[in-house]
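Here's the structure, in structure tokens; my notes come after.
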């Protein structure tokens, strides 16, 4: 049983009325520049944010550089083997100290004045040091380090020095789903090399809603539904599975597979030659975890939303999507594929093929999703219609997959943080 908490009605963007079974969001949330600015300080400056996966920095000296919450950062595994997250900004005059998206380095050099930092963040080189007085100490000018932590290989950071929750506490019920993902390999999961960088002319929250919205699947993705049926698979019906609110803005959907899964669920779309190995893997998971948990790991699809801007979709492949606001009407999306380290090479190629076919930016589904969220954004220009409705399923004690409970959980946390309330 899922209990939905009542939110007070007042001068708010989110209107949550359990008595009338109504949940509405004022469309200013998607279009207003002031709202977008406030989100950066009240949400992205306060929450734990996804940075990357530890497999992206596999050995000492490896690093990735990317924007997180609107800030350039470097995630580096130091020569001591420790993963740290640094501000990608020289403490001298502010230039980026790392301009490459990924690589291997013993040190980072600022191109402006050649200040040099170790891969553990210490300032180790300053040209013409006698230009500074006796009080100058290199130890005072290391790269700014952000508080970071890892759960099951997923690396997060927070920019809030007053953040009182540990990462595990912050993730709340989402840890159950990260466990289901990471347990798909006895030796660990890894990000497959290569990323898809794309975006949409729409507000970032529209993609968060879309990613946990199963209701649209058959209506919006008709081409893919036809493709799946031609290969002998049964696409998701409008009923079956369930949605969950996981606390602190996180939510998830679970449902039976609509297609084959590279990990231990075979259907004819994968070809008969793969069937013996995939079914043998399924049997090993039953031996390892028992039938009930093995079923959830290997024969269940899930979409996991980690507030504010991380989506992990585990279906015919696993995609990690970081969805970043650029402005009120534009978002940037970074997508990568996750897979078991010990996966057979030909199964890996099968996974990659289906990842690109459905989840890639040029696949069957993602262009549909981009087009529809951009259509919503344009529709919001007509202010005669003030609210979007996310009430589906409020009349049910046990929400179904096509209900909007995960999106409501997201919006309730958004509302609390935008009004400076302590998260529950």
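In the UniProt record's numbering, the protein residues as written are 1 to 424. Using N, Cα and C, we set each Cβ at its ideal position, and we do this for glycine too. Just so you know, these numbers come straight off a predicted model, no measurement behind them.
On a CA-only basis, which of 121, 323, 316 is nearest residue 427? Give me that one, please.
No answer is possible for residue 427: it lies beyond the span of the chain, which begins at 1 and ends at 424.
For residue 16, which three-state DSSP category applies?
In this structure, residue 16 counts as strand in the three-state DSSP scheme.
Excluding the 5 residues preceding and the 5 following residue 14 in the sequence, name in chain order all residues of the same chain whose CB lies nearer than 6 angstroms to its CB.
Cβ within range, chain order: 25, 411, 415.
Who does residue 84 pair with in a DSSP beta bridge?
BP columns for residue 84 point to 76.
Does the beta-carbon of residue 382 have 16 or more other beta-carbons within 10 angstroms, so that it is buried, or is it exposed?
The residue is exposed, with fewer than 16 neighbouring Cβ atoms inside 10 Å.
On the DSSP letters alone, give me the boundaries of the beta strand (DSSP E) that residue 103 sits inside.
Residues 102 to 104.
What are the boundary residues of the beta strand (DSSP E) that includes residue 107?
Where residue 107 is concerned, the enclosing beta strand (DSSP E) stretches over 107 to 109.
Go ahead and pull the three-state DSSP assignment for residue 248.
The answer is coil: DSSP assigns residue 248 none of H, G, I, E or B.
So, for residue 184: in the same chain, excluding its five sequence neighbours on each side, which residues have a beta-carbon less than 7 angstroms away from its beta-carbon?
Around residue 184: 263, 297, 340.
State the Cα-Cα distance for the pair residue 273 and residue 267, rounded to the nearest angstrom.
One C-alpha to the other measures close to 11 angstroms.
So what does DSSP say about residue 415, is it helix, strand or coil?
Here residue 415 sits in helix by DSSP.
Please go through the same chain and pick out, in chain order, the residues whose beta-carbon is closer than 7 angstroms to the beta-carbon of residue 36, but skip the five residues on each side of it.
These residues qualify, in order along the chain: 325, 327, 328.
Who are the near neighbours of residue 23 in its chain, counting only those whose CB is closer than 6 angstroms to its CB and skipping five residues on each side?
Around residue 23: 16, 390, 391, 408.
Can you name, in chain order, every residue of its own chain whose Cβ lies under 7 angstroms from the Cβ of residue 426, other than the five neighbours on each side?
Nothing about residue 426 can be read from this structure; the chain reaches only from 1 to 424.
Among 52, 279, 159, which has the Cα closest to the Cα of residue 87?
The shortest Cα separation from residue 87 among 52, 279, 159 belongs to 159.
Determine, using beta carbons only, whether residue 72 and residue 65 come nearer to each other than 8 angstroms.
In contact: residue 72 and residue 65 (Cβ atoms closer than 8 angstroms).
Suppose you measure from the CA of residue 20 to the CA of residue 394; what does that come to, to the nearest Å?
Rounded to the nearest angstrom, the two C-alpha atoms are 9 angstroms apart.
Where does residue 330 fall in DSSP's three states?
Reduced to three states, the DSSP call for residue 330 is strand.
So, do the stretch 116 to 123 and the stretch 132 to 141 have three or more beta carbon pairs nearer to each other than 8 angstroms?
Counting Cβ pairs under 8 angstroms, three or more are found: they touch.
Would you decide whether residue 194 is buried or exposed? Buried here means 16 or more other CB atoms lie within 10 Å of its CB.
That one is exposed.
Around the Cβ of residue 405, are there at least 16 other Cβ atoms within 10 angstroms (buried) or fewer (exposed)?
Buried is the call here.
Residue 49 and residue 97 - do their beta-carbons sit closer together than 8 angstroms?
No, they are not a contact pair.
So residue 148 is in the beta strand (DSSP E); what residue range does that whole segment cover?
Taken as a continuous stretch (DSSP letters only), the beta strand (DSSP E) holding residue 148 covers 145 to 151.
Assuming contact is defined by CB atoms lying nearer than 8 angstroms, are residue 53 and residue 191 in contact in what I supplied?
For residue 53 and residue 191, yes; Cβs fall inside 8 angstroms.
Considering only their Cβ atoms, is the gap separating residue 308 from residue 360 smaller than 8 angstroms?
Going by C-beta atoms, residue 360 is not nearer than 8 angstroms to residue 308.
Are the Cβ atoms of residue 174 and residue 338 separated by less than 8 angstroms?
Cβ distance not < 8 angstroms, so residue 174 and residue 338 don't count as in contact.
Would you grab the beta carbon distance between residue 63 and residue 74 for me? Rounded to a whole angstrom, and I think it's under 8 angstroms.
Indeed they touch by this definition, with Cβ atoms about 6 angstroms apart.
Three or more beta-carbon pairs under 8 angstroms between the stretch 210 to 223 and the stretch 77 to 84, yes or no?
Flag = no, the stretch 210 to 223 and the stretch 77 to 84 do not touch.
Going straight from the alpha carbon of residue 314 to that of residue 243, what length do you get?
Taking the straight line from one Cα to the other gives about 15 angstroms.
Look at the Cβ atom of residue 331, then the Cβ atom of residue 204, and state whether they are nearer than 8 angstroms.
The answer is yes: Cβ separation under 8 angstroms.
Apart from the five residues on each side of it in sequence, which residues of its chain come closer than 7 angstroms, Cβ to Cβ, to residue 12?
For residue 12, where only same-chain residues beyond five positions count, the Cβ hits under 7 angstroms are 415.
Which runs of the alpha helix (DSSP H), 4 residues or longer, sit entirely within the stretch 248 to 281?
Runs of the alpha helix (DSSP H) inside the stretch 248 to 281: none found.
Would you mind working out which of 254, 201, 420, 208 sits nearest residue 375, comparing C-alpha positions?
With distances taken between Cα atoms, residue 375 lies closest to 201.
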